[in-house]
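Here's the structure we're looking at; comments come further down.
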Amino acid sequence: MSYKPTITGMYWNTEKPFELLNVTGGDMNLASMAFGWTLGFGYFALCHAYRETRRARRLNTYVVLIWGEIVVSAVLALLCWLYLAGKIPPSFYFFLIVLTMWALQVQFLLQIIVNRLCILLATESQRNWIRWGIAAFILAINISVYCIWIPAKLQISTKFHDTNIWWDRCEKSIYLIVDAILNWYFIRTVKQRLVIHGGLKKYTRLVRFNTQIMILSLSMDVLIIAMMSLKNDFVYLQFVTPVAYMVKLNIEMAMSNLIIKVARETGINVMEDSTDHHSESKSGGTTGVSGTRFQTTTMEVQVQVARQQFTTHDDIELSDVKAGHGWSPAENSIKENDARDAQ
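Position in the sequence shown (from 1) plus 992 gives the number in our numbering.
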């Protein structure tokens, strides 16, 4: 037996009549506390985002991603709290907007991680491969969530509900694995560049600190999976997702100092006021990438070496003058003129 839809925007019959979400006083207390934490971490995120925007001076991909992450996290937190408070009724459009905010939240944050990794990659093909590969992979997972989560929230059938329970945990685990791989690859790339360019041991402590805060960032993903055992999944959305992603965003922006220092010390000149990435190789070729401008400093090192050799030669000649050989530019010029006249 099927029942006609009773909520706005829904045009499919359901196995059972639609049941409203049961929200207890404890659920609202927990949700309100999470909303307050979101505002608190959001304040620090706004301060960091303002600082990053001023440092960039122009609108670029990185700035758009961090502000986009802040906006979608704030909207998601507000929508969930209003729904739990009974201010927004359930509807197909509401569930669609909530899921879209969550999908953008995940995509923006992973692209911020990819963006900082791309600064240290050597070639254009590597940067494009990882950027578009991650975007396409996460988009495919998000599409599968749209196909399962929305029908489950609309209570179309128990099959969708049961499938959503295990697939929700699976896709969160996939995000955790992707996040861990990207962060591992980033730290590995940083250490390789430091070793190749003479060790630069002065950044060892900074690298160790950033490794520790990346572990904290991954622990937020673990918290998201652990909190899925909450009976009310909208309390889970309110409590974990905006809070955890605000913490992760603050961590990503805090790591920008390490990225810029390592890039500059290992032969990449980061022009933060640029809207595009340009990478100039040793031969002088340029390749376009979005976000920051690169320029290797190999030629600059060669010029400095040549200058030092020339200075050393001058010092030797000046020492001859001090020793009493009597050489001077004027005398040397007179001798050359006399020899030319004699010929």
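For every residue, glycine included, the Cβ atom is placed at its ideal position computed from N, Cα and C. Keep in mind the model is a prediction, meaning the values are calculated, not measured.
Check                                                                                                                                                                           : Outcome
Grouping DSSP H, G and I as helix and E and B as strand, with all else coil, what is Thr1115?                                                                                   : coil
Round the Cβ separation of Arg1108 and Phe1178 to the nearest angstrom and send it over; I've been treating them as touching at under 8 Å.                                      : 7 Å
Output the boundary residues of the alpha helix (DSSP H) element that contains Asn1021.                                                                                         : 1017-1048
Tell me the DSSP secondary structure of Ser1083 in three-state form.                                                                                                            : strand
Taking the alpha helix (DSSP H) that Thr1233 falls in, what are its first and last residues?                                                                                    : 1233-1246
Return helix, strand or coil for Tyr1003, following the three-state DSSP convention.                                                                                            : coil
Per DSSP, which one or two residues make a beta bridge with Tyr995?                                                                                                             : Thr1006
Please check the pair Leu1068 and Gln1103, which I expect to be a contact at CB under 8 Å, by giving their CB distance rounded to whole angstroms.                              : Wrong, their Cβ atoms sit about 17 Å apart, outside the cutoff.
Would you tell me roughly how many angstroms separate the C-alpha atoms of Ser994 and Trp1158, rounded to the nearest one?                                                      : 25 Å
Give me, in chain order, the residues of the same chain whose beta-carbon lies closer than 7 Å to that of Phe1226; leave out the 5 immediate sequence neighbours on both sides. : Leu1013, Cys1072, Tyr1075, Leu1076
On the three-pair Cβ rule with 8 Å, is the region 1031-1044 touching the region 1060-1067?                                                                                      : yes
Judging by CA-CA distance, which residue of Val1055, Val1232, Asp1171, Lys1008 is the nearest neighbour of Trp1029?                                                             : Val1232
Would you call Leu1051 buried or exposed, if buried means 16 or more other Cβ atoms sit within 10 Å of its Cβ?                                                                  : exposed
Whole angstroms is fine: what's the gap from Tyr1228's alpha carbon to Gln1184's?                                                                                               : 40 Å
Would you check if there are 3 or more beta carbon pairs closer than 8 Å linking the region 1202-1210 to the region 1001-1010?                                                  : no
Roughly how many angstroms separate the alpha carbons of Tyr1035 and Ser1149, rounded to a whole number?                                                                        : 41 Å
Using three-state DSSP, classify Asp1128 as helix, strand or coil.                                                                                                              : Here residue 1128 is Ala; the residue named in the question, Asp, does not match the sequence. Here Ala1128 sits in helix by DSSP.
Would you kindly work out how many angstroms separate the C-alpha atoms of Phe1100 and Ala1144, rounded to a whole number?                                                      : 25 Å
Do you know whose CA, among Gln1230, Ile1243, Val1239, lies nearest Ser1024's CA?                                                                                               : Gln1230
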